[in-house]
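For the numbering used here, count along the sequence shown from 1 and bump the result up by 128.
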Amino acid sequence: AAQYGHPASPEVLHVLAEVDAALTNHCSRCVTDAMLRDAYAVIAMTPPQAEQLARRSPSVQDRLFLLRAFDPDAPQAAAVDDPFCGTLDDYRRCRDVIRKALPGLITYLTQTA
129 AAQYGHPASP
139 EVLHVLAEVD
149 AALTNHCSRC
159 VTDAMLRDAY
169 AVIAMTPPQA
179 EQLARRSPSV
189 QDRLFLLRAF
199 DPDAPQAAAV
209 DDPFCGTLDD
219 YRRCRDVIRK
229 ALPGLITYLT
239 QTA
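Next up, the structure:
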């Protein structure tokens, strides 16, 4: 789980720079009850994370999605593997998995908002 106040890791910054992306001024935050209550959509990276969020705030069930659900080529209930303590290639794989899901997520958000 994220702890408050941490910047993106050097590995994350490195693999994002490879694709001309950045997390300028990024600072990690813990999920709060207010965030869950007020969010239009709640996006989880893994099934266990989604289950934990649903237990914590049952009202998010109809707004809770796995990120990879927005990737038409991903297996059902596929997770975004956390590259923490991994190699740069692990971080690249994670970056690419996230990038593949973003068009579907953006479409969902723009068509339903």
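Note that beta-carbon positions come from the ideal geometry of N, C-alpha and C, so glycine has one too.
Please return the same chain residues whose Cβ sits closer than 8 Å to the Cβ of residue i, not counting the five positions on each side in sequence.
{"i": "arginine 191", "result": "Ala167, Tyr168, Ala169 and Val170"}
Could you name the residues that DSSP lists as bridge partners for residue i?
{"i": "valine 170", "result": "Leu192"}
From what residue to what residue does the alpha helix (DSSP H) around residue i run?
{"i": "glutamine 204", "result": "Unbroken run through glutamine 204: none, as it is neither H nor E."}
{"i": "proline 211", "result": "Neither: proline 211 is in no alpha helix (DSSP H) and is coded neither H nor E."}
{"i": "tyrosine 132", "result": "It is not in any alpha helix (DSSP H) - tyrosine 132 carries neither H nor E in the DSSP assignment."}
{"i": "arginine 223", "result": "216-240"}
{"i": "arginine 157", "result": "Unbroken run through arginine 157: none, as it is neither H nor E."}
{"i": "alanine 178", "result": "175-184"}
Residues in the same chain with beta-carbon distance under 7 Å from residue i, minus the five sequence neighbours each way, listed in chain order, please.
{"i": "alanine 136", "result": "Leu151 and His154"}
{"i": "tyrosine 236", "result": "Phe198"}
Counting only the same chain and skipping the five closest in sequence on each side, list residues whose C-beta sits under 6 Å from that of residue i.
{"i": "valine 159", "result": "none"}
{"i": "aspartate 218", "result": "Pro211"}
The stretch 132-147 touching the stretch 210-229, judged by at least three CB pairs closer than 8 Å: yes
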